[in-house]
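Enquirer: Questions regarding the structure given below will be posed in turn.
Numbering (my numbering), first residue to last: 1 to 209.
Written as structure tokens, this is what we have:
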């Protein structure tokens, strides 16, 4: 079960999923979303947002490749396209507006469904995260056991996200908006390197076929 998923690959998968979900960058978004909500309801919003994001990402993890296969898209081609998209996504994390600035601007004026938008989607379950879990669970490369481990890593990162959201006020006081922005940009740099590796690996596989 673990033969095809060594420690190095586990670390890479964790780094990829952590970078695209960006739990630290979600903290300022959560604070902005819940600014007009009493403290007693913030925990419920955080929990609901993470659960919704988990359902979305696990849905893509399970059904992503079968859907691509059904419409005739080769996963290697999807991995190359996905790597390019992840690289562009990483560039926006590095050079564009910080995650919190971009997503705070989308906060609706009322508190209806804050947990869904923009917190669960697109802050936690971002397009990059949806793309990443599909690429990381290639049925032709990884056995079912390895894909279950990837799902476990995803849930671990989401659990970290929930812990950070529950401690959001204290974290914001410690690192401040600037600290969250710096961490988000570092995550973007790591994601860019991982995206390049994914494209190179996919090209090697394509030429080997």
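Even glycine gets a Cβ: it sits at the ideal position worked out from N, Cα and C.
Report yes if the CB atom of residue 132 is closer than 9 Å to the CB atom of residue 82, and no otherwise.
Expert: Contact flag set, yes.
Enquirer: Residue 42: buried (16+ other C-beta within 10 angstroms of its C-beta) or exposed?
Expert: buried
Enquirer: Consult DSSP for residue 24 and reduce its assignment to one of helix, strand or coil.
Expert: helix
Enquirer: What residue from 203, 190, 204, 202 has the CA that sits closest to residue 88's CA?
Expert: 190
Enquirer: Between the stretch 28-35 and the stretch 168-183, can you find at least three pairs of beta-carbon atoms closer than 8 Å?
Expert: yes
Enquirer: Return the chain-ordered list of same chain residues with a C-beta closer than 6 Å to the C-beta of residue 130, the five sequence neighbours on each side being excluded.
Expert: Only 60 meet the Cβ criterion.
Enquirer: Tell me the DSSP secondary structure of residue 62 in three-state form.
Expert: helix
Enquirer: Rounded to the nearest angstrom, what separates residue 156 and residue 52 at their Cα positions?
Expert: If you draw a straight line from the Cα of residue 156 to the Cα of residue 52, it comes to about 15 Å.
Enquirer: Between residue 112 and residue 200, what straight-line distance do the alpha-carbon atoms span, to the nearest angstrom?
Expert: Confidence in residue 112 is poor, its pLDDT being 43 and thus under 50, which makes the residue's placement too unreliable to answer from.
Enquirer: The alpha helix (DSSP H) that contains residue 96, what's its start and end?
Expert: Run containing residue 96: none; DSSP gives neither H nor E here.
Enquirer: Between 80, 205, 188, which has its C-alpha nearest residue 17's C-alpha?
Expert: 188
Enquirer: For residue 191, does the three-state DSSP call read helix, strand or coil?
Expert: DSSP places residue 191 in helix when its eight states are reduced to three.
Enquirer: Let me know if residue 55 comes out buried or exposed under the rule of 16 or more other beta-carbons within 10 Å of its beta-carbon.
Expert: exposed
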